[in-house]
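Student:
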Amino acid sequence: MEEIKIIQEPLRPTSLSAEECRRLAELLFPQITKRPEDYEALYPERDLPAGALVTRLGPSPTGFIHLGNLYGAFADERLAHQSQGVFILRIEDTDQKREVEGAVETLITSLNYFGLHFDEGATVAGEKGAYGPYRQRQRAALYQCFAKLLIQQGRAYPCFCTEAELEGIRSAQAEAKVNPGYYGKWAKHRDLSLAQVKERLEKKEAFVVRLRSLGDPERYFSIEDGIRGTLSMPENNQDFVLLKADGIPTYHFAHVIDDHFMRITHILRGEEWLSTLPYHIELFNTLGWQPPVFCHTTVLMKMEGETKRKLSKRKDPELGLDYYRSLGYHPAAVREYLLTVLNSNYEEWRLANPGLPMEEFAFTTAKMGSSGALFDLNKLSDVSKEVLAGLSAQAVAEFLLDWARTYEKKAYAVMAKDPGYLKAILNIGRGGENPRKDLIFGKQIHEFIRFFFDEEFIYEDAFPENIDKETALRLLEDYLAGYSFDDDNQAWFEKVRQLAAAHGFAAKPKDYKKNPEQYKGHVGDVSSLLRVALSGRRNSPDLWEIQQIMGTERSAARIRQAMEKLRGA
RNA sequence: GGCCCGGUGGUCAAGAGGUUAAGACACGGCCCUUUCAAGGCUGUAACACGGGUUCGAUUCCCGUCCGGGUCACCA
């Protein structure tokens with residue numbers, strides 16, 4: 264990775280003396296007694312094989328994750344695990360207001376469901392790993408230690424501005440047509456004297472800690488992004504907030520400190536962080552730490568009307584992970600889909616290696632796209648069909664039942680009654696060179712196979728219109744008389760041909776096409792009649808096979824039921 | 001609006017200074033076929049625009065346009 268230009272000479276050093284800075288720090292953080300080097304010792308460099316990557320997922324516990332989050336998380340997971348590195352779950356709970364009860368548990372369960380497992384970090388039970396705690400609010404003392412350090416160094420200061428004062432600054436800036444923000448001469452409390460601070464403190468005024476930025480936005484630095492290559496950005500000059508009034512850090516401060524002390528090597532995050540990268544770089548430089556490799560992923564987009572839009576948790580609840588889970592998408596299918604979106608060469612690899620587990624694919628950040636990808640349901644379906652077609656009937660049956668048990672209880676009761684039957688149904692067209700691919704997700708599979716179950720059987724389609732009622736009844740009656748479970752597929756269909764011929768239908772469609780006036784129809788029409796009788800549908804898998812699975816009794820009952828229906832009609 | 005990131009068929013995308021500009025999904029046609037699914041063959045369809053640099057630009061540079069992101073004591 265390329266070296267980052269270090270921001271050097273202070274533009275406007277603090278007006279306080281070194282001694283005053285020390286006293287200020289002590290005044291603000293008397294309770295902080297640990298020193299920076301204590302933390303360096305507490306969280307040592309990791310002893311990992313060469314080339315091992317340490318990545319982290321840092322969700323905020325707002326109780327909702329969508330496909331876009333999974334997308335990034337999956338990249339993190341692959342990078343860590345394929346390099347024998349470490350994959351960490353860190354809960355970024357610095358915003359108490361937005362926290363949702365139980366969100367962490369939901370989050371972990373969901374991620375696990377989709378095959379993401381963490382080596383270190385927060386767990387449902389608590390946490391594991393030597394670099395914890397992994398919930399940021401529990402690391403308050405650590406952040407405060409470094410806030411204190413920066414104040415000692417004259418690189419941070421307390422700011423007592425109220426909401427109204429900040430608003431005043433913003434409107435003045437708007438009027439003057441300059442960039443908004445707390446910086447330079449607009450940073451009112453940047454040069455408060457020690458006495459002034461004391462005075463406000465005595466009045467119990469709340470304060471935040473801000474960085475005393477030394478950057479100059481006229482100057483640019485370049486940085487190598489793991490996904491996007493060389494990036495050119497202006498230096499930061501914002502005195503952004505490090506510690507909020509409650510003593511809890513902002514994302515910016517927590518991110519830099521945690522990623523340093525958890526010894527993270529690669530930071531994957533959404534491109535919405537690109538514009539604050541200069542904040543983070545200034546912080547890393549100020550603290551004298553080597554920044555990890557930044558990898559800014561593209562956000563997953565959604566089509567809204569004519570335009571693309573970033574996935575939003577508020578507007579797109581249907582893109583929430585639980586949505587896919589509740590519809591019964593197989594986790595492997597979702598993973599497979601995500602991988603095709605994540606790495607452009609994955610599909611190619613998959614085509615060449617149909618049988619290999621996806622873990623063997625060499626995932627790289629360089630192959631990740633940097634333009635916004637649209638979530639493509641068609642593609643997900645296709646991938647899903649492919650994945651399900653590759654599983655055994657047993658595996659599909661288990662998956663289907665697991666899904667139905669929680670999301671489709673009635674269906675579960677029906678399907679679970681006879682596991683052998685269910686398995687036989689799901690085995691239709693499975694295996695071999697060109698398996699059927701009509702199963703996509705749980706709910707859809709259930710719809711697809713429900714006609715096999717008497718409890719759920721209904722006539723979804725009408726009987727063929729070109730066969731009159733009398734003929735239809737006679738056909739069904741004769742069919743019933745001639746049917747034998749022991750016939751093989753060919754023998755069975757031969758009988759259907761004969762049956763068709765006996766009732767004035769062409770035994771072969773070609774004959775019918777040649778002389779349509781000589782026939783009532785052709786064998787296909789007769790099949791169609793049988794198909795509706797047996798399955799309630801005009802389209803279904805192979806009829807002979809269906810009857811083999813349903814058995815003589817059930818099949819015969821269906822035929823009789825159809826006759827009843829015809830008579831009644 | 002400032003700043004940042006992007007722009008190759010409908011979608012996802014490969015690609016290199018000279019290619020007939022891959023592939024996948026979707027869509028159309030044909031074949032196979034008792035329906036469906038699968039399979040085989042095949043077709044429609046793309047380098048945002050304008051300037052440069054160059055013998056040659058979709059590829060490099062600049063501008064324009066378009067899309068997205070971000071400008072919080074949210075992450």
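The first sequence begins at 264 in my numbering and counts up by one. Even for Gly, the Cβ is constructed at its ideal location relative to N, Cα and C.
1) Consult DSSP for A450 and reduce its assignment to one of helix, strand or coil.
2) Along the chain, where does the beta strand (DSSP E) containing C284 start, and where does it finish?
3) Would you kindly work out how many angstroms separate the C-alpha atoms of A676 and Y684, rounded to a whole number?
4) Please state the DSSP three-state secondary structure of S634.
5) Pick helix, strand or coil for K700, following the three-state DSSP scheme.
6) Report buried or exposed for V363, applying the criterion of at least 16 other Cβ atoms within 10 angstroms of its Cβ.
7) Any idea which residues DSSP pairs R473 with across the strands?
8) Are the beta-carbon atoms of A725 and K686 separated by less than 7 Å?
9) Check D788 in the structure and name its three-state DSSP category.
10) On a CA-only basis, which of D717, C558, Y609, T528 is nearest G314? Give me that one, please.
11) Sort Y722, A674, E723 by Cα distance to I708 and report the nearest one.
12) So, at 6 Å on beta carbons, what are the nonlocal neighbours of Q347 in its own chain, with the 5 sequence-adjacent residues on each side left out?
13) Assuming L540 and F557 make a contact with CB atoms under 8 Å, what is their CB distance in whole Å?
14) Where does Y334 land, buried or exposed, given buried means 16+ other C-beta within 10 angstroms?
15) Alpha carbon to alpha carbon, how far is Q459 from A288?
16) Would a C-beta distance cut-off of 7 Å place A596 and V650 closer than the cut-off?
17) Exposed or buried, what is V318 when buried is set at 16 or more other beta-carbons lying within 10 Å of its beta-carbon?
18) Give a yes or no on whether the C-beta atoms belonging to V786 and A763 are separated by under 7 Å.
19) According to DSSP, is H593 helix, strand or coil?
20) CA-CA distance, R491 and Q399?
21) Considering only DSSP beta bridges, list what G583 is partnered with.
22) Determine the DSSP secondary structure at K777, reduced to helix, strand or coil.
23) With burial defined as no fewer than 16 other Cβ atoms inside 10 Å of the residue's Cβ, what is the status of L374: buried or exposed?
24) Going along the chain, which residues of its own chain have a beta-carbon closer than 6 Å to the beta-carbon of Q271, five neighbours each way excluded?
25) Which whole runs of the alpha helix (DSSP H) in the segment 296–372 are 4 residues long or more, in chain order?
26) Can you tell me whether I812 is helix, strand or coil according to DSSP?
27) By DSSP, does R398 sit in helix, in strand, or in coil?
28) Can you give me the C-alpha to C-alpha distance between A427 and D488, rounded to a whole angstrom?
29) Report yes or no: do three or more beta-carbon pairs, one from the segment 498–514 and one from the segment 471–478, lie closer than 8 Å?
30) Measuring CB to CB, does Y782 end up less than 7 Å from A765?
31) Alpha carbon to alpha carbon, how far is Q811 from L682? Give it in angstroms, no decimals.
32) So, using beta-carbon positions, are F350 and A343 closer together than 7 Å?
33) Going by DSSP, what residue range makes up the beta strand (DSSP E) through Y514?
34) Beta-carbon within less than 8 Å of T325's beta-carbon, same chain only, minus the 5 sequence neighbours each way: which residues are those?
35) Whole angstroms is fine: what's the gap from F503's alpha carbon to A435's?
36) Can we say the segment 401–411 touches the segment 288–303, given the rule of at least three CB pairs closer than 8 Å?
Tutor: Per the coordinate set shown:
1) Coil, per DSSP.
2) Looking at the DSSP string, C284 is not in any beta strand (DSSP E); the run it does join, the alpha helix (DSSP H), is 281–291.
3) If you take the alpha carbons of A676 and Y684, they lie about 13 Å apart.
4) When secondary structure is reduced to three states using DSSP, S634 falls in the coil class, being assigned neither helix nor strand.
5) Of the three classes helix, strand and coil, the one that applies to K700 here is coil, per DSSP.
6) Burial call: exposed.
7) Per DSSP, Y420, V504.
8) No, the Cβ-Cβ distance between A725 and K686 is not below 7 Å.
9) Helix, per DSSP.
10) Of the candidates D717, C558, Y609, T528, the residue whose Cα lies closest to the Cα of G314 is T528.
11) The shortest Cα separation from I708 among Y722, A674, E723 belongs to A674.
12) So the qualifying residues of the chain are P312, A315.
13) Indeed they touch by this definition, with Cβ atoms about 7 Å apart.
14) The C-beta of Y334 has 16 or more other C-beta atoms within 10 Å across all chains shown, which makes the residue buried.
15) Rounded to the nearest angstrom, the two C-alpha atoms are 14 Å apart.
16) Taking 7 Å as the Cβ cut-off, A596 and V650 qualify as a contacting pair.
17) Before going on, a small fix: residue 318 reads as Thr here, not Val. Using a 10 angstroms sphere on the CB of T318, the tally of other CB atoms reaches 16 or more, which defines it as buried.
18) The beta carbons of V786 and A763 sit closer together than 7 Å.
19) Coil, per DSSP.
20) Answer to the nearest angstrom: the Cα atoms are 29 Å apart.
21) Residue pairing from DSSP places G583 in a beta bridge opposite H329.
22) Shown here, K777 sits in a helix according to DSSP, grouped into three states.
23) With 16 or more other Cβ atoms within 10 Å, it is buried.
24) Here the model assigns Q271 a pLDDT of 40, short of 50, so the residue's position is not dependable and the matter cannot be decided.
25) Contiguous alpha helix (DSSP H) elements confined to the segment 296–372 occur at 299–305, 330–344, taking only those with 4 or more residues.
26) If DSSP states are grouped into helix, strand and coil, I812 belongs with the helices.
27) Note: R398 maps to strand in three-state DSSP.
28) Going by the C-alpha atoms only, they are around 38 Å apart.
29) Flag = yes, the segment 498–514 and the segment 471–478 touch.
30) No, Cβ-Cβ distance for Y782 and A765 is not below 7 Å.
31) The sequence as given places Pro at residue 682; Leu does not occur at that position. P682 and Q811: Cα-Cα distance of roughly 16 Å.
32) Taking 7 Å as the Cβ cut-off, F350 and A343 qualify as a contacting pair.
33) Unbroken run through Y514 is the alpha helix (DSSP H), 514–524; no beta strand (DSSP E).
34) Residues of the same chain with a CB within less than 8 Å of the CB of T325, apart from the 5 flanking positions on each side, are R361, E362, V363, A366, K576 in chain order.
35) Spanning the two alpha carbons is a distance of roughly 18 Å.
36) Counting C-beta pairs closer than 8 Å gives three or more between the segment 401–411 and the segment 288–303, which meets the contact rule.
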